[in-house]
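One structure below.
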Amino acid sequence: MLAKIIALVVFAVVLTGCANSDFSHNYLMRGQVVSDLPNNIVVCVGLDDGAKVGQILNTYRFIMNNNYGRGTRTFTKVEKGQVIIEEIIDQHFAKVSVLKGTVNKSDMVQLNK
Numbered sequence: 001m002l003a004k005i006i007a008l009v010v011f012a013v014v015l016t017g018c019a020n021s022d023f024s025h026n027y028l029m030r031g032q033v034v035s036d037l038p039n040n041i042v043v044c045v046g047l048d049d050g051a052k053v054g055q056i057l058n059t060y061r062f063i064m065n066n067n068y069g070r071g072t073r074t075f076t077k078v079e080k081g082q083v084i085i086e087e088i089i090d091q092h093f094a095k096v097s098v099l100k101g102t103v104n105k106s107d108m109v110q111l112n113k
């Protein structure tokens with residue numbers, strides 16, 4: 001039991017140390033679609049996240065699958081397509097365009113490197 005607690009504490013310290021590192025910005029950049037208006041798709045990923053014009057983000061949506069049993073997943077992650085960052089708006093937002101698939105408000109975006 002003590003070994004599990006020590007391992008958990010070490011993991012938490014390492015994770016906290018990486019939270020603001022280049023690693024998290026370069027490899028774990030994630031956000032959400034906040035606007036899906038035609039010709040104005042905006043994601044909550046900006047300069048603070050390490051976003052750059054030309055980066056391709058994968059889009060996905062979580063769909064409820066009606067599995068309510070103990071130990072089952074209630075939501076399923078469904079890949080929806082890809083977007084490319086066209087313009088950085090500010091520290092928190094970027095304008096994107098759809099490369100393939102469909103994008104809806106509240107969909108998730110993620111940079112995979």
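Going by full-length UniProt numbering, the sequence shown opens with residue 1, and the numbers climb by one from there.
Note that beta-carbon positions come from the ideal geometry of N, C-alpha and C, so glycine has one too.
Predicted, not measured: the structure shown is a model, and the values here were computed from it.
Next item on the list: Leaving aside the five residues before and after Phe-75 along the sequence, list all residues of the same chain whose C-beta is less than 7 Å from its C-beta, in chain order.
Entry: As a first step, residue 75 is located in the sequence shown; it is residue number 75 there, counting from the start. So the list reads Phe-62, Ile-63, Met-64 and Asn-65, once near-sequence residues are dropped.
Item checked: Contacts around Arg-73, its chain only, beta-carbon distance under 8 Å, and the 5 residues preceding and following it disregarded -> By 1-based counting over the sequence shown, the position of residue 73 is 73. Same-chain partners within the cutoff: Asn-65 and Asn-67.
Next item on the list: Please report the Cβ distance between Val-83 and Val-98, rounded to the nearest whole angstrom; I am assuming they are in contact, meaning their Cβ atoms lie under 8 Å.
Entry: Numbered from 1 along the sequence shown, position 83 holds the residue referred to as residue 83. Numbered from 1 along the sequence shown, position 98 holds the residue referred to as residue 98. The pair is a contact, with the Cβ atoms about 6 Å apart (cut-off 8 Å).
Note to self: Measuring straight from C-alpha to C-alpha, what distance separates Thr-59 and Gly-69?
What the structure shows: Position 59 of the sequence shown holds residue 59. Position 69 of the sequence shown holds residue 69. Taking the straight line joining both Cα atoms gives about 28 Å.
Checklist line | Rounded straight-line distance, which links the Cα of His-92 to that of Asp-49 | finding: The sequence position of residue 49 within the sequence shown is 49, counting from 1. The sequence position of residue 92 within the sequence shown is 92, counting from 1. For Asp-49 and His-92, the distance between alpha carbons rounds to 7 Å.
Item checked: Local conformation of Asp-49 per DSSP, three classes -> Start at 1 with the first residue of the sequence shown, and residue 49 comes out as number 49. Helix, per DSSP.
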